[in-house]
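The structure appears right after this line, and notes come after that.
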Amino acid sequence: MDYLDRFRKRRKEIGLRQTDVSAALGLGRSTYSMYETRKNKMDVETFAAICRLLCITPDEALGFDE
843 MDYLDRFRKR
853 RKEIGLRQTD
863 VSAALGLGRS
873 TYSMYETRKN
883 KMDVETFAAI
893 CRLLCITPDE
903 ALGFDE
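Per my numbering, residue 843 is the first one in the sequence shown, and the count goes up by one each step.
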């Protein structure tokens, strides 16, 4: 499982849709969807913002705690 899988899993666990995440980040829904489906790469600032929004640490997102 990679960080995108962990983001998707966590997003669903807390009951958020892609549209909820994209709106909170100020992104278009298709932009966020392309991140989750690996069609676009996100920058480190976006990665950190998603971690904060999903209440997951960067270490957890990257699987360092496993």
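Beta carbons: idealized from backbone N, C-alpha and C, even for Gly.
None of the values given here were measured: they were computed from a predicted structure.
Taking C-alpha atoms, which residue in the options lies nearest to residue i?
| i | options | result |
| --- | --- | --- |
| residue 887 | 854, 868, 844 | 868 |
| residue 865 | 905, 904, 891, 900 | 891 |
| residue 856 | 895, 874, 901, 885 | 895 |
| residue 848 | 885, 878, 882, 883 | 878 |
Taking the alpha-carbon positions, what's the residue i to residue j distance?
| i | j | result |
| --- | --- | --- |
| residue 897 | residue 850 | 13 Å |
| residue 852 | residue 901 | 14 Å |
| residue 845 | residue 874 | 14 Å |
| residue 882 | residue 872 | 10 Å |
Which first and last residues belong to the alpha helix (DSSP H) in which residue i is found?
| i | result |
| --- | --- |
| residue 892 | 886-895 |
| residue 844 | Neither: residue 844 is in no alpha helix (DSSP H) and is coded neither H nor E. |
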